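Have a look at the structure below, then the notes.
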Amino acid sequence: MSIKLMDKVYSKRDLRTHFGDYSSVAGVRRYSLLEGKSKGCNIIEIATGSGLIFEINETRGMDIGRCSYKSVPIAYQGYNKEVHSNYYETFADGWLRSFSGGLLVTCGLKSIGSPEEDNGEILPLHGRISNTPAERVNIEEYWEGENLYFKVSGKVRESKALNYNLELKRTILVQAGTNKIILNDMVENLGFNEEEFMLLYHFNIGHPILDKEAQLLINSKEVVPRDKNAKKQSESYDSYLEPTQDYKDIVYYHNLEDNNDFCTVAIVNEEIGMGITLKFNKSQLDCFTQWKFTGLGNYVAGIEPGNARVNGRSIERKEERLKTIKSDEEKHFSIEIEILTSNEEIDSYKNKYIFRRNII
């Protein structure tokens with residue numbers, strides 16, 4: 002795909018002809034942050050040339066941080082800003098002291114959801130993987146004909162001496178000139194025992210896509226409120242309020258319909274003609290969590306494919322949703338993220354997937 006700037010289309014030769022360094026249009030930069038709790042965070046920034054720019058935080062499990070389209074933020078960014086993994090507090094809800102927001106926070110691998118002590122092991126909120134630095138990080142830039150690609154790969158390990166050894170291999174691929182991010186993960190059990198294994202992709206959408214005009218587009222066979230707060234919430238699960246004083250932590254569980262194993266979910270705002278979509282395999286990620294926290298200053302919508310709910314590991318085991326991974330087994334997960342940049346694209350998306358509301 003060629004790159005378009007100010008209504009002019011640039012081929013591979015055009016980019017080389019007109020720009021000494023075409024990474025000023027589409028490319029990858031690598032840098033470290035220098036202040037406060039962010040100091041030492043190693044960041045990979047990718048500009049696709051379409052207006053989409055996003056960051057990968059090597060120091061935080063290769064999660065996707067700040068993300069914008071033509072300077073309009075897509076992801077929620079929290080009070081904490083970027084926090085180096087050295088400041089991670091593992092007790093109870095200490096995870097929230099280093100939760101930066103960003104487009105994607107990975108949760109797992111031994112637990113997700115509520116903190117607890119289970120089988121003699123202390124399990125912090127949403128697990129440890131997002132606070133673990135990556136290793137063997139590699140950046141590739143290559144052409145296939147007229148198409149330019151950027152690929153970032155690395156490994157993140159969750160291990161415990163005398164116990165388990167799980168490894169997450171992550172690859173993030175983008176084609177220049179597009180608004181798509183392809184995330185491919187492979188989790189391998191390098192230990193010698195079968196292990197309980199939990200994984201959640203915590204996508205965090207912020208303003209201005211998130212606003213009172215925003216709508217969740219989702220096809221669900223069933224929508225289950227997590228608790229009494231969700232059951233008595235005034236707005237429907239698929240709509241959002243403007244920033245609201247003392248808004249509660251609201252969670253819904255969805256059993257998604259699939260089309261040949263593929264599920265699609267989006268948050269769109271036709272008032273501004275923007276949205277974000279996720280596409281993934283239900284056979285890989287069979288539990289979908291929706292998080293709403295539209296408070297003052299903490300204004301965020303979570304769309305979260307996973308392999309379990311977020312009630313805590315012991316409850317997931319009791320309710321028979323808890324997954325395991327055998328010794329030497331590999332489990333693969335793929336998610337396609339796309340930014341919608343006009344009402345025409347939103348309408349096309351709606352027409353393609355035909356979303357229906359589920360009344361709860």
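Adding 1 to a residue's 1-based position in the sequence shown gives its number in my numbering.
Idealized CB from N, CA, C, for every residue including glycine.
The structure displayed is predicted, hence computed values, not measured ones.
Measuring alpha carbon to alpha carbon, tell me which residue in I219, D250, S221 and Q216 is nearest K232. Within the sequence shown, the letter at position 231 stands for residue 232. Measuring from the Cα of K232, the nearest candidate turns out to be D250.
Fully enclosed by the stretch 272–356, which beta strand (DSSP E) runs are 3 residues long or longer? 275–282, 288–295, 300–307, 324–326 and 331–341
Bridge partners for F198 per DSSP, in chain order? Start at 1 with the first residue of the sequence shown, and residue 198 comes out as number 197. Paired residue(s): K324.
Is S221 helix, strand or coil when you go by DSSP? Counted from its first residue, the sequence shown places residue 221 at position 220. Residue state, collapsed to three classes: strand.
Residues in its own chain within less than 6 Å of G114 by CB, not counting five upstream and five downstream? For the purposes of this step, residue 114 is identified with residue 113 of the sequence shown, where counting begins at 1. So the list reads V311, N312 and G313, once near-sequence residues are dropped.
Work out the CA separation of P125 and F92 for me, nearest whole Å. For the purposes of this step, residue 92 is taken as residue 91 along the sequence shown, with counting starting at 1. For the purposes of this step, residue 125 is taken as residue 124 along the sequence shown, with counting starting at 1. Straight-line Cα distance between these residues: approximately 6 Å.
Within the continuous beta strand (DSSP E) that includes N256, where are the two ends? Numbered from 1 along the sequence shown, position 255 holds the residue referred to as residue 256. Its beta strand (DSSP E) spans residues I251 to L257.
Using 8 Å as the Cβ pair cut-off and three pairs as the minimum, do the stretch 256–271 and the stretch 282–290 touch? yes
Assuming D297 contacts Q246 under a Cβ cut-off of 8 Å, what Cβ separation, rounded to an integer in Å, is found between them? Start at 1 with the first residue of the sequence shown, and residue 297 comes out as number 296. Start at 1 with the first residue of the sequence shown, and residue 246 comes out as number 245. What sits at residue 297 in the sequence shown is Leu, not Asp. Confirmed, Cβ separation roughly 6 Å.
Cβ neighbours of K324 in the same chain (closer than 6 Å, five flanking residues each side left out): On the sequence shown, position 323 is the one that residue 324 refers to. So the qualifying residues of the chain are F198 and N308.
For W144, count the other beta carbons within 10 Å of its own beta carbon; 16 or more makes it buried, fewer makes it exposed. Which is it? For the purposes of this step, residue 144 is taken as residue 143 along the sequence shown, with counting starting at 1. With fewer than 16 Cβ atoms within 10 Å of its Cβ, W144 is classed as exposed.
Please classify K161 as buried or exposed, where buried requires at least 16 neighbouring CB atoms within 10 angstroms. Within the sequence shown, numbered from 1, the residue matching residue 161 stands at position 160. The residue in question, K161, is exposed, as its Cβ has fewer than 16 Cβ neighbours within 10 Å.
Cutoff 6 Å; reference I182; Cβ partners in own chain excluding five residues on either side: Along the sequence shown, read from residue 1 onward, the residue named residue 182 stands at position 181. So the qualifying residues of the chain are V175 and I338.
On the three-state DSSP scale, how would you describe Y88? The residue you call residue 88 lines up with position 87 of the sequence shown. DSSP places Y88 in helix when its eight states are reduced to three.
Pick from S3, G274 and G109: whose alpha carbon is nearest that of D186? One-based indexing of the sequence shown puts residue 186 at position 185. Nearest of S3, G274 and G109 to D186, Cα basis: G109.
For the stretch 144–217, list the alpha helix (DSSP H) runs that are entirely contained and at least 4 residues long, ordered along the chain. none
Give every residue of the same chain whose Cβ lies closer than 7 Å to the Cβ of S284, excluding the five residues on either side of it in the sequence, and list them in chain order. Taking the sequence shown and counting its residues from 1, one reaches residue 284 at position 283. Hits under 7 Å: D262.
Determine, using beta carbons only, whether E36 and I45 come nearer to each other than 9 Å. Your numbering for residue 36 matches position 35 in the sequence shown. Your numbering for residue 45 matches position 44 in the sequence shown. No, these two residues do not count as a Cβ contact at 9 Å.
Buried versus exposed call for V266 [16 or more other C-beta atoms within 10 Å across all chains shown]: As a working note, residue 266 is residue 265 in the sequence shown. By the 10 Å Cβ count, V266 comes out buried.
On the DSSP bridge assignment, give the partners of V10 in chain order. The count along the sequence shown starts at 1 and reaches residue 10 at position 9. V10 is bridged to K5.
Which residues DSSP lists as bridging L53, in chain order: Here the question's residue 53 lines up with position 52 in the sequence shown. Answer is Y70, bridged to L53.
Do you know whose CA, among G146, M63, Y88 and N194, lies nearest V138's CA? For the purposes of this step, residue 138 is identified with residue 137 of the sequence shown, where counting begins at 1. If we check each option's Cα against that of V138, M63 comes out closest.
For the alpha helix (DSSP H) that N230 lies in, which residues bound it at each end? Numbered from 1 along the sequence shown, position 229 holds the residue referred to as residue 230. Taken as a continuous stretch (DSSP letters only), the alpha helix (DSSP H) holding N230 covers K229 to K232.
Using CA atoms only, rank isn't needed, just tell me which of S154, N180, G192 and R171 is closest to N164. To locate residue 164, count along the sequence shown from 1; it is residue 163. The shortest C-alpha separation from N164 is found at G192.
Please classify I75: is it buried, with 16 or more other beta-carbons within 10 angstroms of its beta-carbon, or exposed? Stepping through the sequence shown from its first residue, residue 75 is reached at position 74. Classification for I75: buried.
Would DSSP call I113 helix, strand or coil? As a working mapping, residue 113 is identified with position 112 in the sequence shown. Three-state result, I113: coil.
Three-state secondary structure assigned by DSSP to E59: On the sequence shown, position 58 is the one that residue 59 refers to. Correct three-state label for E59: helix.
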